[in-house]
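Below is one structure; the comments refer to it alone.
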């Protein structure tokens, strides 16, 4: 069956329908990782988006359920040059096309993803419709208006945990408790903390600072999550209180942006975001560069950060955008990239150890 | 930051091309030298290989084409006083040299710093024991192993390690005496034999990881500790097949992110510990059924794999490594491809890359075709596509082995059991035998169990077979055609399968716009805007390679494809120099080539690079896009020449000598016509098609005769026949290789062989020099020792030769290069061969005469005259020194290959000996080729009857140096009669102790064994020659080579005079 991708500027790509034959509208973003498609598909930060894989052979190693980063598939659709139904890996339990069908995710294969990526890079991230219907030229203006009208909203509400839950450490206990403020977290944040002997209590994004502080955590972790950070009024308000407390805070991605917003800085939308496993980030204190996993469409505007409140801790080597903040006089470190990797390089996983040190200090 | 105290750097190259150390080091070295000079650093280069681009005076400031011996390196350091040494770019040869210099304390006393990775790191990677300790320290697993020297110790070690175990006797070449033991009984048998064969009576007992996945990472580190991965690669063949012989795919395909990151982290962990500064290759074995892995090997330098990784990703590893050595950190080095981002990132690929090895079994028909841990490939091809199937199809046809699809070899006569056996014995045809088995219904799982090749790859082959089936059964449709082209089925194969003609397939494609588009290799999967003009083709995609109107004329330069015996790195040298010369002439340059090891496929060599197979269809895709003003074919060897007619059919003008004139030189009858017109003599001969005609021709000419196919390079299939039986056998051999061209039968004349390369502008002729071969006729020119200037030629013969050259060049309307080989017998001159194109000797003769032959030829092709270019036509004044080109062989690597020299070329590389003294030049040439003698002062001589007279004075000279000579009966008698002291030894077929025991005694320096001509006679000495070469003995099969060697040894001295060729004055 044929499937189409119609972008909001009218550009249309035609391919083959591989997943569920549903029609969806989503924000179209591309990811340049060459491995980790299941981790990407189950990353809640993709809620409301459709992912274009620039690597042309997706599905090669099938589905290893252990690699899921949440219990759901979050992108509304996936787009690839080739989707393989020949899985080969000792852990594989199913094929990617089967998984997509089971979760009712439409997917298109056989389109020129490089041309699409170049288009998104030059014209900027835009919305698009994935459909198996063949629209007539007369219908197009109406359809395009509908596509343009789409915005990713409610991402955090959809992806955060429904209720608080405590998790015992998986490594030898170090007697520390961390409150994980869940904005749509990737499982590996939780796994990374528990593996370090930490007891973790997961709080939904609807929780208040009071509830979190009442847990008497040794540290607070703010997770990644989807959407425009500025949409999260409630969390931003609560974070002000958390900032004021003296508890060590470590935040990733959306968590990083929210803490910046809570302390008076501003965020902005990047032209086409950073999504991949090869982004160089410089530790501004040591000068060392790390290869990081990234997935974000927004960034903290350094011009709006009050140097009395926070200083840049990390910077992107390619486009010099902010990749992390160290809060002055506070035990708070926030990063834009993903030290929990999954997928991607584990070069910065030591930051979780640093978080432990922050709590022990 | 740039370390400004580094002002003058010595770079050591990798020496002659041998199997396992090929053109990739010229690519790396050239790129590094350019990177160093960009920073204002003065570069001193030492490399014995004159065929390389890195030894050009344009590439380095001081160039020593001298033997890679420690003594020579010390001499260079004393003379040039460099402050630094960069050793990680010259392969294992360069690295070993640097370590030797360091260990002697020579670097320290001469204030030379080793830049790039330090000695500690190199030692930790190279020393087996230190490596094990280092890996244990950082918790990286290696396959458990123990060295044992007795049977009982061995059995105990095997029990500790756990069966199966691999047993590897120490110091036996080619893994002789080793094997895999599944249980104690097998272990005892193999150990017993292995301990006996090992010179030091030691056997390594190692855990068997054969069958695991072999995964490689190319990684980089700077002095600040920043680490990145450039590329991951997955070998399709499991552990047990050398990665150089394996089909390799990039990036890895069957690893989930968990496994990928696990190995990536391990690789980075290792280079942190080794404190690598530059590039490094890490090889892993990964259990396909678990997360268990072992580190197989770490190469703390650039390598064949790093060249492949550079071409596969666009990331210039050698260049970045050189900058790191100068003190830069990765984040300070610009990504030359995007011009915007930095070298501190990991390339993202949005395509699939397949590398296939070019194996030399077409040259060594009798050799063992099995693939194992000893590399046998002479070269490789790379192909890029958006799917694995497409990349595999493109790689296959890039090999130039008459292979264009999975049906190219016919196994229909092989029964199922035999086929199963063929599949489990991994050999060079495994892709095709697997395909045949699948056609017969064998399951992917069954093939996987037999081969341990991951089922993903097997099923992809299955996809190609499904297409084969569809094309031959379904009616042709646009959809089917589109799908076939996406998998890169060539038009010719589609036509054959579907019953259409090739023209019909092409017409249908044009009608339905099923044409190739070109995509860019940009390091970043289109995330950033990139400027690199490096492209590959793909179907059903938007074309990115938009020709720009630069107002310049466009020239298409066809490369020479994979390195193989007969068509080596020399042709890449010529292609690259021609490209540079065209650029100087104001042309926009476009290269098509498929060899990842070369300088020609570096992204900044030409204005545009198309990484494509060199077949007519693939070239046409580029032509239809670029519409070049002309194409040049005379620099890319036979690969390019073969495409001339087809290029013309596409409407492309061939620049330089016209295709019909090229044809006139190759076509026997037309060439005879040329000779008749010019009155030039050649050995009498006939063109034949059948065995019968051949025998008739031979009878007419009288034996011995030369038999060879026309249209070949490197004398492939050429043989000297002494009787009818030989003729029959050779003709059958020739016809086994697909042969559309006639066969030539010539009278064999024994004389001195001479060779020239000349440039003709249509009027005048420039001859840089005359080369003379040390071996008499009958040995391929590429395997002969070549001397410039010619020594023994008479004045009259020389005049005749020059006159003939002029006549031929003009009669063939040569514009550009011509190569001619002659035989001189006293004052008579005969012509053997004319090639109106660039030849193997061009780089060598360019360097030693200081005449930039390729650049001049290119200017001539562009319309300039020799006089305009400032040269006086005719033979150029002879140099005041001797320059000797020595062939280098890789025989010890190809089990079962006959090493005796003949009309078919067998050498893989060459080195140079240059001096004002002939003897010293000869000594240097032998030394450069690895002949470090004398050692044991013992030798064996066994020569054919015709040589018995000539051998006496030679043997006497060896004896005078101090050699103890052993000789077989006939030779012994001849030597005794000639008054040379020697000892008699029995022949192989006689009872022991015989000549074979002498060879296996590991105490011989030299074996001189000149086999009698003819098929049967060659086989007699085969066993001796093979055993000798595998135990590291120097084997000479021509009497003239023996004479040259003794002259060389008489002139040996420790204190060699070294020559900076940039200072040679013409």
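Chains as they are written, first to last, in the working numbering: chain A, 13 to 373; chain B, 36 to 1101. We put the beta carbon where it would ideally sit given N, CA and C, even for glycine. Every value quoted in this text rests on a predicted model; they were computed, and no experiment measured them.
- Inter-residue distance for residue 265 of chain B and residue 251 of chain B is about 11 Å (C-alpha atoms, whole angstroms).
- Taking 8 Å as the threshold, the shortest C-beta distance from residue 141 of chain A to chain B does not fall below it.
- By the beta-carbon neighbour count (other beta carbons within 10 angstroms, threshold 16), residue 73 of chain A is buried.
- For residue 342 of chain B, the enclosing alpha helix (DSSP H) starts and ends at 339-348.
- In the three-state reduction of the DSSP assignment, residue 617 of chain B falls in the helix class.
- In terms of beta-carbon proximity, residue 571 of chain B stays away from the interface with chain A, with every pair separated by 8 Å or more.
- Look at residue 479 of chain B here: in three-state DSSP terms it is helix.
- With its beta carbon at least 8 Å from every one in chain A, residue 248 of chain B lies outside the interface.
- Within the same chain, Cβ atoms closer than 8 Å to the Cβ of residue 974 of chain B are found at 993, 998, 999, 1000, 1001, 1039, 1040, 1041, 1042, 1043, the five residues on either side in sequence being excluded.
- Assigned with DSSP and collapsed to three states, residue 19 of chain A falls in strand.
- By the neighbour-count criterion, in which 16 or more other beta carbons inside 10 Å mark a residue as buried, residue 869 of chain B falls on the buried side.
- Listed along the chain, the chain B residues whose CB falls inside 8 Å of the CB of residue 51 of chain A are 292.
- Note that the segment 92-111 of chain B does not touch the segment 355-363 of chain A; fewer than 3 beta-carbon pairs, one per stretch, sit closer than 8 Å.
- Contacts with chain A at 8 Å (Cβ-Cβ) include residue 260 of chain B.
- By the CB criterion at 8 Å, residue 383 of chain B and residue 90 of chain A fall outside the cutoff.
- Under the criterion of beta carbons closer than 8 Å, residue 320 of chain B and residue 215 of chain B do not qualify as touching, at roughly 14 Å.
- The beta strand (DSSP E) runs lying completely inside the segment 1012-1044 of chain B and spanning 3 residues or more number zero.
- Pairing residue 190 of chain A with residue 230 of chain A gives a Cβ-Cβ distance under 8 Å.
- Residues of chain A with a Cβ closer than 7 Å to the Cβ of residue 289 of chain B are, in chain order, 72, 73, 100, 101.
- For the segment 36-67 of chain A, the residues whose beta carbon sits under 7 Å from a beta carbon of chain B are, in order, 44, 46, 47, 48, 51, 66, 67.
- Distance check between residue 41 of chain A and each of A:157, A:211, A:298, A:60 places A:60 closest, using alpha-carbon atoms only.
- Approximately 6 Å separates the beta-carbon atoms of residue 511 of chain B and residue 535 of chain B; this is inside 8 Å, confirming the contact.
- Selection B:308, B:141, B:242, B:755 evaluated against residue 322 of chain B yields B:242 as nearest (Cα-Cα).
- Using a Cβ-Cβ cut-off of 7 Å, residue 517 of chain B is close to nothing in chain A; its nearest Cβ partner there is about 10 Å away.
- DSSP lists no bridge partner for residue 900 of chain B.
- Of the candidates B:1059, B:907, B:1074, B:1030, the residue whose Cα lies closest to the Cα of residue 1045 of chain B is B:1074.
- Rounded to the nearest whole angstrom, the CA to CA distance from residue 371 of chain A to residue 196 of chain A is 24 Å.
- Around the C-beta of residue 235 of chain B, fewer than 16 other C-beta atoms lie within 10 Å, and the residue is accordingly described as exposed.
- In this structure residue 394 of chain B touches residue 412 of chain B by the C-beta definition: roughly 5 Å separates them, less than 8 Å.
- Ranking B:604, B:645, B:634, B:605 by CA distance to the CA of residue 582 of chain B puts B:645 first.
- Among the residues of the segment 554-585 of chain B, those with a Cβ less than 9 Å away from any Cβ of chain A are 554, 555, 559, 560, 561, 562, 563, 564, 573, 575, 576, 577, 579, in the order of the chain.
- The alpha-carbon separation between residue 928 of chain B and residue 399 of chain B amounts to approximately 12 Å.
- The C-alpha of residue 342 of chain B lies about 7 Å from the C-alpha of residue 631 of chain B.
- About 7 Å separates the beta carbon of residue 521 of chain B from that of residue 422 of chain B, a gap short enough to meet the 8 Å contact definition.
- Around the beta carbon of residue 513 of chain B, fewer than 16 other beta carbons lie within 10 angstroms, which makes this residue exposed.
- Taking a Cβ-Cβ threshold of 7 Å, the residues of chain A close to residue 494 of chain B are 98, in chain order.
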